[in-house]
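Visitor: The sequence shown begins at 1 in full-length UniProt numbering and counts up by one.
C-beta atoms are modelled at their ideal positions from N, C-alpha and C, and glycine is treated no differently.
Since the structure is predicted, the reported quantities are computational estimates derived from the model, not experimental observations.
The structure is given below, and queries will be raised subsequently.
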Amino acid sequence: MPLDLPGDEAALFHTTGAAPAAMLDLVGTMATQAAVAAIRLGVFERLIAEAYTAEDLAACLDADREGLGLLLGFLTTAGYLSCDADGRYFVLPTTKAWFGNGYGTALQLWSAIVARFWGNLTESISEGPDPSFYAWLGEHPFELGLFQSLQRGLAEWLIPDMLDLAAMPEGAQDILDIGGGHGRYATAFRDRYPGLRATVADLPPALTPHKGITTHPIDLLNPDFSGLRADVVLLFNVLHGFNAHQAEAIVHAAVSTLRPGGVVHILETTTQPRGGVAEAAFTDGFALNLWLTQGGRLYSPAEISGWLSNAGCVHLEITGLRRSASHTLVSASTVRPDSQ
């Protein structure tokens, strides 16, 4: 949690420079690790249910009393907890609102990513990125589970916008979701448009069986979608994991599956989020992390639109999402024979 500094103290760090602003980053780094430890120990889960003293909580969790007491003290000064005069610890409303709603998954995953990859940032900037993110996930089942849970949660959050903004061409019969192995988007569109046949194409380990949905294994590093035909293609949160050459190749391969008059919808994290300072800072950090861990990056709507145009698409549309200030939908269609 960001420290809730009084105005005069905040000015020392943020305005006058009389105090080192980087100290706040250091405290934040320690606080992140403390919060992750609290999640894994079950501290927040217990304290959301009821207040405990450090001694009683240590007994419930079978934890070291001294260590847990120090952890609770730091989580209090860091802004996650409060403590009353009787030494009972409470979860603050701001903590409960997010950790009771699944944000702990994101915090745990990002903490693990930073611990594994960001220690090599200096070497990577000098020598080039280490694109081993997915290999690392494959070797770490716990982190893989966090990643998959995060992807499913993001999809569920964005689906209402996608259903409203991603138009279906008249008479559409087949929808192809490229890279959506969890199946959430394909299922949502199939349910919204009865009779629509849905196919999900992704790496074999990412494909999750879903009733009524066809799965098709692919290799996005060598995007060959021969045999796949669709009226609608979804390419959601995929391109940023690849370099520009690879991303453009994926777009061209995706467009090649469309029937005349078909539509492609590409959802990506925007390079210029419409939110506030925190959103912009996280987006810039996310962009650096993509390069560091996958050799990818964020692409502007103009870049994506250019790839679609080069692939022969027309009627390009760029739409900002309502539910996420950091996502943009780029849509385009192929030409019908009767319109040429």
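Where are the beta strand (DSSP E) runs, 3 residues long or more, that stay fully inside the region 37-102, in chain order?
Guide: 81-83, 88-91
Visitor: Buried or exposed, going by whether 16 or more other CB atoms sit within 10 Å of the CB of residue 162?
Guide: buried
Visitor: Helix or strand or just coil, what does DSSP make of residue 240?
Guide: helix
Visitor: Does residue 213 come out as helix, strand or coil in the three-state DSSP assignment?
Guide: strand
Visitor: For residue 302, name the three-state secondary structure that DSSP assigns.
Guide: helix
Visitor: When the Cα atoms are used, what is the spatial distance from residue 185 to residue 301?
Guide: 21 Å
Visitor: How far does the alpha helix (DSSP H) with residue 127 in it reach, from first residue to last?
Guide: 121-127
Visitor: Which parts of the region 257-314 are runs of the beta strand (DSSP E), unbroken and 3 residues or longer, counting only runs that do not cross its ends?
Guide: 258-269
Visitor: Mind checking residue 122: buried by the 16 CB within 10 Å criterion, or exposed?
Guide: Taking a 10 Å sphere around the C-beta of residue 122, we find fewer than 16 other C-beta atoms and assign the residue as exposed.
Visitor: Counting C-beta neighbours from all protein chains within 10 Å, is the total for residue 125 16 or more, i.e. buried, or is it exposed?
Guide: exposed
Visitor: Measuring only the C-alpha atoms, how far is residue 164 from residue 230?
Guide: 20 Å
Visitor: Comparing alpha-carbon positions, which option in 83, 36, 76, 77 lies nearest residue 53?
Guide: The residue with the shortest Cα to Cα distance from residue 53 is 83.
Visitor: Would you tell me roughly how many angstroms separate the C-alpha atoms of residue 115 and residue 26, rounded to the nearest one?
Guide: 14 Å
Visitor: I'd like to know whether the C-beta atoms of residue 207 and residue 223 end up nearer to each other than 8 Å.
Guide: no
Visitor: Look at the Cβ atom of residue 309, then the Cβ atom of residue 273, and state whether they are nearer than 8 Å.
Guide: no
Visitor: Could you work out which residue in 102, 292, 280 is closest to residue 119 when comparing CA atoms only?
Guide: 292
Visitor: Within the same chain, show all residues whose beta-carbon is closer than 8 Å to that of residue 275, passing over the 5 residues directly before and after it, in chain order.
Guide: The beta carbon of residue 275 is closer than 8 Å to those of 325, 326 in its chain, skipping five residues each way along the sequence.
Visitor: Could you pull out every residue in the same chain whose Cβ sits closer than 7 Å to the Cβ of residue 261, ignoring the five residues on either side in sequence?
Guide: 169, 333, 334, 336
Visitor: Return the chain-ordered list of same chain residues with a C-beta closer than 7 Å to the C-beta of residue 12, the five sequence neighbours on each side being excluded.
Guide: 18, 19
Visitor: Identify whether residue 327 lies in helix, strand or coil by the three-state DSSP scheme.
Guide: strand
Visitor: Does DSSP classify residue 234 as helix, strand or coil?
Guide: strand
Visitor: What are the residues that DSSP puts in a beta bridge with residue 202?
Guide: 217
Visitor: DSSP puts residue 207 in a beta bridge; with which residues?
Guide: DSSP lists no bridge partner for residue 207.
Visitor: Give the straight-line distance between the Cα atoms of residue 179 and residue 214, rounded to the nearest whole angstrom.
Guide: 13 Å
Visitor: Taking just the CA atoms, how far does residue 152 sit from residue 98?
Guide: Each residue's alpha carbon lies about 17 Å from the other.
Visitor: I'd like the list of long-range same chain contacts for residue 287, defined as Cβ closer than 7 Å, with 5 residues on each side in sequence excluded.
Guide: 297, 298
Visitor: Quick check on the burial criterion: 16 or more other C-beta atoms within 10 angstroms. Buried or exposed for residue 183?
Guide: Result: buried.
Visitor: Should residue 7 be labelled buried (16 or more other beta-carbon atoms within 10 Å of its own) or exposed?
Guide: It counts as exposed.
Visitor: Can you tell me whether residue 177 is buried or exposed, with buried defined as 16 or more other CB within 10 angstroms of its CB?
Guide: buried
Visitor: Assuming residue 234 contacts residue 175 (C-beta within less than 8 Å), just tell me the rounded distance between them.
Guide: 7 Å
Visitor: Would you please state the rounded distance, in angstroms, between the beta carbons of residue 246 and residue 131? I believe it to be under 8 Å.
Guide: Between residue 131 and residue 246 the Cβ distance is about 11 Å, and since that is not below 8 Å, they are no contact.
Visitor: Could you name the residues that DSSP lists as bridge partners for residue 319?
Guide: 329
Visitor: In three-state DSSP terms, what is residue 192?
Guide: helix
Visitor: Nearest-angstrom Cα distance between residue 68 and residue 94?
Guide: 22 Å
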